[in-house]
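Chemist:
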Amino acid sequence: MKRLAALIASSLVLGLMAANTVSASDFGADRHVARGLKCETCHGPDMKNPNYPDETTCLQCHKREDVAAKTKQLEPNPHTAPHNNDCTLCHMQHEPEVNYCEQCHKFNYKMKH
Ligand code: HEC
Ligand code: HEC
Ligand code: HEC
Ligand code: HEC
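Counting along the sequence shown from 1, when you hit position 9 you're at 9 in full-length UniProt numbering, and nothing is skipped either side.
#1: Exposed or buried, Tyr100, counting other C-beta atoms within 10 Å across all chains shown (16 or more means buried)?
#2: Please classify Cys61: is it buried, with 16 or more other beta-carbons within 10 angstroms of its beta-carbon, or exposed?
#3: In three-state DSSP terms, what is Tyr109?
#4: Name the two residues that bound the continuous alpha helix (DSSP H) containing Thr41.
#5: Spatial neighbours of Leu37 within its chain, please: CB distance less than 6 Å, with the 5 preceding and 5 following residues excluded, ordered by chain position.
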């Protein structure tokens with residue numbers, strides 16, 4: 001009985017630890033919330049009538065040139081692409097990320113999440 005209680009206690013602790021870890025199976029919004037953002041940070045103060053975010057939301061915190069520098073391996077680099085490089089086309093925040101360019105180009109981007 002004691003062992004069972006200990007097992008339950010330790011799995012509870014593990015469960016809490018998992019909840020605090022940025023998990024690869026979460027969507028972008030979940031990962032941002034885990035880093036301390038609020039829904040309102042991206043959607044504006046009235047969550048009954050949320051703003052629909054676009055790149056201007058993302059660019060408040062992320063700089064194109066910084067992201068491009070961190071992703072030098074991508075050729076061509078979508079972060080400095082001549083068109084269709086609105087962050088929210090690829091880095092979906094409430095569903096899996098997509099390679100938006102794929103509709104027209106054969107760029108082999110591997111979206112992480
Ligand atoms: C083709 C679609 C596409 C678009 C549009 C796009 N990205 Fe990315 N982004 C990627 C890919 C591919 C990676 C590398 C794999 C990964 O991290 O998912 C990446 C990586 C990142 C990273 C992680 C960099 C690191 O630390 O390794 C950030 C942050 C990021 N993008 C932000 C942005 C922002 C902000 C915008 C808009 C200005 C944007 N992305 C537009 C495809 C895109
Ligand atoms: C990092 C920015 C970010 C955060 C944080 C975020 N969202 Fe979003 N949200 C988006 C983006 C971008 C879209 C557009 C669709 C997508 O990417 O999945 C969206 C779409 C939505 C929509 C659909 C809006 C419409 O008009 O169709 C709802 C509802 C929503 N989010 C609710 C939430 C809630 C609730 C939270 C907090 C738990 C949250 N969001 C946190 C970026 C964010
Ligand atoms: C209030 C600041 C803030 C806003 C607004 C914001 N982010 Fe982030 N984002 C962060 C921080 C902090 C990190 C973690 C450090 C890093 O990777 O740059 C991050 C990480 C990321 C990453 C890489 C790691 C991951 O978990 O995917 C991507 C991609 C990303 N953000 C995309 C976006 C997109 C797309 C938007 C707009 C819809 C957005 N961010 C809006 C602060 C923000
Ligand atoms: C709706 C179709 C479409 C989408 C989506 C699209 N492109 Fe293009 N792209 C084109 C066309 C058409 C051209 C011009 C013809 C060509 O060069 O193949 C082009 C040209 C380019 C070029 C060459 C431009 C130059 O300077 O000559 C680059 C780089 C590029 N696209 C990157 C991207 C990236 C990165 C994405 C995703 C973020 C993307 N494209 C999404 C249709 C598209």
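We put the CB at the ideal spot given by N, CA and C, even for glycine. On a predicted model such as this, the values are computed, not experimentally measured, just so you know.
Modeler: Working from what's here:
#1: buried
#2: That one is exposed.
#3: coil
#4: Membership of Thr41 in the alpha helix (DSSP H) is indicated by the continuous run Cys39 to His43.
#5: none
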